[in-house]
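In this note's numbering, the protein residues as written are 40 to 404.
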Amino acid sequence: MNALAQELAELIRQDGPISISRYMALCLGHPGHGYYMKQYPFGADGDFTTAPEISQIFGELIGIWAASVWQAMGAPDSIRLVELGPGRGTLMQDMLRAARALPGFRDALSVHLVETSPVLRERQRQTLASSGTAPQWHDRIEQALDGPAIAVANEFLDALPLDQFVRTPEGWRERLVGLHGEGGLAFGLAAEPDTSLSVAAPANSVLEQPAAALETVALVARHVATQGGAGLFIDYGPAHSGFGDTLQALKRHAFVDVLAEPGDADLTVHVDFARMAQAGLAAGAAVHGAVAQRDFLLALGLRQRFEALVRRATEAQGEALARGVERLIETGPTAMGELFKVLAVADPKLPLLPGFDLHRLPEQG
Ligand code: SAH
40 MNALAQELAE LIRQDGPISI SRYMALCLGH PGHGYYMKQY PFGADGDFTT APEISQIFGE
100 LIGIWAASVW QAMGAPDSIR LVELGPGRGT LMQDMLRAAR ALPGFRDALS VHLVETSPVL
160 RERQRQTLAS SGTAPQWHDR IEQALDGPAI AVANEFLDAL PLDQFVRTPE GWRERLVGLH
220 GEGGLAFGLA AEPDTSLSVA APANSVLEQP AAALETVALV ARHVATQGGA GLFIDYGPAH
280 SGFGDTLQAL KRHAFVDVLA EPGDADLTVH VDFARMAQAG LAAGAAVHGA VAQRDFLLAL
340 GLRQRFEALV RRATEAQGEA LARGVERLIE TGPTAMGELF KVLAVADPKL PLLPGFDLHR
400 LPEQG
């Protein structure tokens, strides 16, 4: 048992089994032992690799997307460019480089980063040191949003804690983390069913309640609907809601037991994009998507950007660029181009945003 497992076992001995959301929140955000608090998880020798780390084109296209949104807003002279969970800062760095193409946007924007991890804040500071901007960091999304804003979040919602319920003959019972006979962590069910849940489902179905992710989308949606702008969420998960346990732990690019190494493996869930879209609509925003990452990036001009870069690249660089691009748009149920979805919440006064206008896609059909 690692230090966090011991601390959790002690907590459970005292207070009883804990919810999945509390378990996730402690595994990821415990000040001393939380996954994001103590280490540097990204890259080939880390635990996972995200789209901005795969290809610079990803961030550049999102930078161009943000610039187009700013133009569609009527080019306000002041706008916040907000990123939730910026990781190494690579996405923002690539966005800002692409934004240089539109000097008015570059001059109007200020950079606001929402990040809880001191280790990652420091990394983001280094990455963005030569970006020509003075980023401001915030612990909470509410602090980052003030006035017209364009917010982006790549692989952020999947890290937010959710609760799980299991369908039993007595009704929905909450799935909890407790202790087994030898004192180690084990899944269990609440003694009593939760009477507030009445969804019908086959026996043993798992229902996930992503309260924090829904709240995040609603917060951004409410803000852009009243103050102007848009929010872009990119993550893995289904376009349609369904039942199932999506909690997963990843270490060194392989799946591991969710309870085995709390705080030492990344813990994530799949994002239910249909419910995120509903949360955005209910908060008063227009919703664009969700569309597959492949379609979004192709519609934003992935191929054209790739060709422009390859013309200036060596043969080896060209091959690396091609591999990155392929990975971003690869099809297949677990491949990035298809499993990852893109959803925007926007001021209803804005037209259909770039990347969501798929019927005009030259690559389609
Ligand atoms: N967007 C980056 C990193 C994704 S990992 C990329 O695409 O590479 C998730 C990021 O969200 C990390 O930076 C992590 O520290 C941050 N994070 C996780 N939970 C958070 C929370 N509740 N509040 C703020 N940041 C959080």
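Using N, Cα and C, we set each Cβ at its ideal position, and we do this for glycine too. Treat the numbers as computed from the prediction; the structure is a model and nothing was measured.
Are there 16 or more other CB atoms within 10 angstroms of the CB of residue i, so buried, or fewer, so exposed?
i    : result
E358 : exposed
T373 : exposed
H219 : exposed
R179 : exposed
G38  : Nothing about residue 38 can be reported from this structure: the residues present for the chain run from 40 to 404 only.
G113 : exposed
D116 : exposed
E99  : buried
A288 : buried
Q343 : exposed
R362 : exposed
S156 : buried
P208 : exposed
Q132 : buried
K380 : buried
Q110 : exposed
S94  : buried
Q163 : buried
G302 : buried
P387 : exposed
E49  : exposed
D185 : exposed
Do you know whose CA, among the options, lies nearest residue i's CA?
i    : options                   : result
V364 : P277, H69, Q266 and E92   : E92
V256 : A313, P241, F204 and R52  : A313
P232 : Q203, F335 and L196       : Q203
P187 : A242, G328, D311 and G267 : G267
G102 : T88, R136 and G126        : R136
A239 : G276, G281 and L215       : G281
P200 : R61, A48, T207 and E346   : R61
A147 : Q132, A105, G283 and I59  : A105
G210 : R350, L392, A229 and R127 : A229
I118 : V150, T129 and I96        : V150
V158 : P390, L341 and G71        : G71
P277 : K290, T285 and D311       : D311
L246 : E213, S94 and P387        : E213
E181 : L123, A48, R351 and L215  : L123
E161 : R127, G171 and P142       : R127
M134 : H292, R52, E154 and T172  : T172
M315 : A383, L392, I368 and W176 : A383
D197 : R350, I273, E154 and K290 : I273
L286 : P249, V263, H262 and H292 : P249
P409 : P125, R366, S107 and A385 : With the chain covering only 40 through 404, there is no way to say anything about residue 409.
L341 : A352, L360, A355 and G323 : L360
I'd like to confirm the pairing. Which residues does DSSP put opposite residue i in its beta bridges?
i    : result
N193 : I273
Q287 : T307
V121 : H151 and A190
H327 : A383
F282 : Paired residues: none, contrary to the question.
Q175 : H151
L215 : S58 and G227
Q203 : E247
G268 : A188
V295 : A288
G210 : T207
F81  : F87
Checklist line | Stretch-stretch touch, CB-based, cutoff 8 Å, three pairs: the stretch 63–76 with the stretch 300–312 | finding: Yes, the stretch 63–76 is in contact with the stretch 300–312.
Notebook entry, point to check: Does the stretch 76–89 come within contact of the stretch 314–325, defined as at least 3 CB pairs closer than 8 Å?
Noted result: Cβ pair count under 8 Å is below three, so no.
Checklist line | Meets three-Cβ-pair contact criterion under 8 Å: the stretch 211–225 and the stretch 182–198 | finding: Too few Cβ pairs lie closer than 8 Å, so no.
Check: Can we say the stretch 41–53 touches the stretch 162–179, given the rule of at least three CB pairs closer than 8 Å?
Finding: Segment contact: the stretch 41–53 against the stretch 162–179, fewer than three CB-CB distances shorter than 8 Å; contact not assigned.
Check: For the stretch 323–343 against the stretch 280–300, are there 3 or more C-beta pairs whose distance is under 8 Å?
Finding: Verdict: no, contact absent.
Margin query: Measuring CB atoms only, is the stretch 389–398 touching the stretch 322–329, in the sense that at least three cross pairs come out at less than 8 Å?
Written below: Contact between the stretch 389–398 and the stretch 322–329 is present, because at least three Cβ pairs lie under 8 Å.
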